[in-house]
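For reference, the structure discussed in these notes is given below.
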Amino acid sequence: MKKLSYYFLRTFYTKYSSLKKIYKYDEVPKDILVNCPSCKSQDINDFYNMDRYGFNVHTSWCSNCGLIFVNPRINFDSYNRLYMDGFYRRIIEAVSVKKQKRLDEIPKRVALALSKIVDMYKDKELDVLDIGGTEGIYNYLDENLKIRKYVCVNPGAEEADINVTSNVEVANTTIEEFEAGDQKYDLILLFGTISHLMNPYEAFLKSRDLLKDDGLFVLDFKDNLTRMKAVNLPFIQLHFDHPIYFSKNSLETLVANVGLKVREHITYKNGVSYYFLAKENNFSGEKSVNVETSEVALMAERSKKASVLSILFKRVFRK
Ligand SMILES: [Zn+2]
């Protein structure tokens, strides 16, 4: 009965019915995950079976590290095409009432984090790998730093519209699929991109391997558990185009598991944190996961208990 009501709900999710014309989610080939994509644990549970757009999206959560993730999820090829073929932009434009941010500009908070990097590296010549980078980030770095080599890895061709020169390279792919070669980097950036990773374990491990010994891996993220606690219906924070949802705990578990350490982190009032990660020199490869996941279990319970009526009510009366 409950299954039927959710089917009904999805079908009549009218605000977003146009999305289903833009993107045929049900028809896209998907992979079923039997392991947590971040800590590899097989101890995974159901989270919820709908996303904020009303698509038929199933999510799981990991009892070991607390990661919430889309499962099954669209496969690598389809995920790349979601960006390459412009579906992602069209979906975002259809659901967002806000004016779209310009790709050649960067938000103030990103500029703040970048300015910290600029202070650190003032006069050093740098090799930079920017995962999910945009023209705006490149322009900022190019103006304020001495860049020897800059590589942008982003499957979104439009987003990564950066002028390629002898020292600037754009790879239209994901970091997981990126063929890196022997180059090592002083600085690896992952801004606004962490929840787009298909395989965070591989992405972080690769980033660690691509760092020079004294290199920095800098990323931003929002603690999804805190975000979900702040709303009545936690599932409305989930959407299929973000395959993973880190909390502070699950992120720090991953960091430790791949041999990185937190050198510094800053959290702003809006909930965005910046992590400055360095290589852990004494990394033995042993995993030491000890994460309290009861809060995630509680979120899953809260999502399951949400009645169809309350979801519809919210959808109709709250924008
Ligand atoms: Zn996990």
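One point on numbering: in the numbering used here, the residue at position 269 of the sequence shown is 269, and numbering is uninterrupted. No residue lacks a Cβ here, since even glycine has one placed at the ideal position from N, Cα and C.
Counting along the chain, where does the alpha helix (DSSP H) carrying residue i start and finish?
i: leucine 260; result: Here leucine 260 belongs to no alpha helix (DSSP H); instead the beta strand (DSSP E) covers 260–267.
i: phenylalanine 76; result: 76–84
i: asparagine 56; result: Segment: none, asparagine 56 is in no alpha helix (DSSP H) and carries neither H nor E.
i: alanine 111; result: 108–121
i: alanine 230; result: Note, alanine 230: premise wrong, no alpha helix (DSSP H); not H, not E.
i: glutamate 252; result: 248–257
i: glutamate 93; result: 87–95
By Cβ distance, which residues of its chain are closer than 6 Å to residue i, with the 5 residues on each side in sequence left out?
i: aspartate 51; result: Val57, Leu238, His239 and Phe240
i: asparagine 232; result: none
i: aspartate 186; result: Leu126, Asp127, Lys212 and Gly215
i: isoleucine 266; result: Tyr274
i: asparagine 45; result: Trp61
i: serine 294; result: none
i: lysine 146; result: Glu125
i: serine 132; result: The amino acid at residue 132 is misidentified as serine; the sequence shows glycine. So the list reads Asn154 and Thr193, once near-sequence residues are dropped.
With a CB to CB cut of under 8 Å and the five nearest residues on each side skipped, what residues in its chain are close to residue i?
i: tyrosine 88; result: Leu82, Gly156 and Asp241
i: lysine 261; result: Val255, Leu277, Ala278, Lys279 and Glu280
i: methionine 84; result: Pro155, Gly156, Ala157 and Asn172
i: serine 303; result: Phe47, Tyr48, Leu233, Pro234 and Phe235
Give the straight-line distance between the Cα atoms of residue i and residue j, rounded to the nearest whole angstrom.
i: leucine 126; j: proline 107; result: 23 Å
i: threonine 14; j: leucine 309; result: With a pLDDT of 46 at threonine 14, under the threshold of 50, the predicted position of this residue should be treated as unreliable, and no value is reported.
i: alanine 230; j: leucine 298; result: 13 Å
i: glutamate 202; j: leucine 114; result: 25 Å
i: glutamate 301; j: arginine 227; result: 16 Å
i: asparagine 139; j: lysine 269; result: 26 Å
i: lysine 319; j: serine 18; result: Only weak support is given to the placement of lysine 319: the predicted model assigns it a pLDDT of 46, under 50, and the value that follows is read from those uncertain coordinates. Cα to Cα, the separation comes out at about 16 Å.
i: valine 28; j: arginine 90; result: 17 Å
i: isoleucine 188; j: glutamate 177; result: 16 Å
i: cysteine 166; j: lysine 184; result: The sequence as given places serine at residue 166; cysteine does not occur at that position. Near 17 Å, if we compare the C-alpha coordinates of lysine 184 and serine 166.
i: lysine 116; j: phenylalanine 191; result: 14 Å
i: phenylalanine 221; j: isoleucine 175; result: 17 Å
i: aspartate 161; j: lysine 305; result: 44 Å
i: valine 34; j: glutamine 42; result: 6 Å
i: tyrosine 23; j: histidine 196; result: 18 Å
i: serine 38; j: proline 200; result: 5 Å
i: valine 95; j: glycine 54; result: 11 Å
i: valine 153; j: leucine 112; result: 22 Å
i: glutamate 143; j: aspartate 26; result: 44 Å
i: cysteine 36; j: phenylalanine 204; result: 14 Å
i: leucine 182; j: glycine 271; result: In the sequence as displayed, the identity of residue 182 is aspartate instead of leucine. When rounded, the distance between both Cα atoms is 36 Å.
i: glutamate 292; j: serine 250; result: 10 Å
i: proline 243; j: asparagine 80; result: 13 Å
If you follow the beta strand (DSSP E) that residue i is part of, which residue opens it and which one closes it?
i: serine 273; result: 272–279
i: leucine 219; result: 211–222
i: isoleucine 44; result: 44–48
i: alanine 297; result: First-last for alanine 297: 294–305, but that is the alpha helix (DSSP H), not the beta strand (DSSP E).
i: leucine 189; result: 185–190
i: isoleucine 147; result: 146–153
i: phenylalanine 69; result: 68–70
i: leucine 129; result: 125–131
i: alanine 171; result: 168–171
Count the other CB atoms within 10 Å of the CB of residue i; is the residue buried (16 or more) or exposed (fewer)?
i: arginine 148; result: exposed
i: valine 70; result: buried
i: phenylalanine 313; result: exposed
i: serine 284; result: exposed
i: isoleucine 32; result: exposed
i: glycine 66; result: buried
i: isoleucine 92; result: exposed
i: valine 170; result: buried
i: arginine 73; result: buried
i: lysine 206; result: buried
i: aspartate 130; result: buried
i: lysine 248; result: buried
i: methionine 120; result: exposed
i: arginine 263; result: exposed
i: valine 258; result: buried
i: asparagine 64; result: buried
i: glycine 136; result: buried
i: serine 307; result: exposed
i: valine 110; result: buried
Leaving out five residues before and five after residue i in sequence, what residues of the same chain have Cβ atoms less than 7 Å from its Cβ?
i: isoleucine 68; result: Phe47, Thr59, Trp61, Asn224, Tyr245 and Val296
i: lysine 20; result: none
i: isoleucine 236; result: Arg52
i: leucine 210; result: Leu129, Ala180, Lys184, Tyr185 and Ile188
i: serine 78; result: Val28 and Pro29
i: isoleucine 194; result: Leu219, Phe221 and Phe246
i: asparagine 75; result: Pro29, Lys30 and Asp31
i: lysine 40; result: Tyr201
i: valine 168; result: Tyr150 and Ile162
Just the residues with CB closer than 6 Å to a heavy atom of ligand 1, in chain order, which are they? This criterion selects Cys36, Ser38, Cys39, Ser41, Cys62, Asn64, Cys65 and Leu67.
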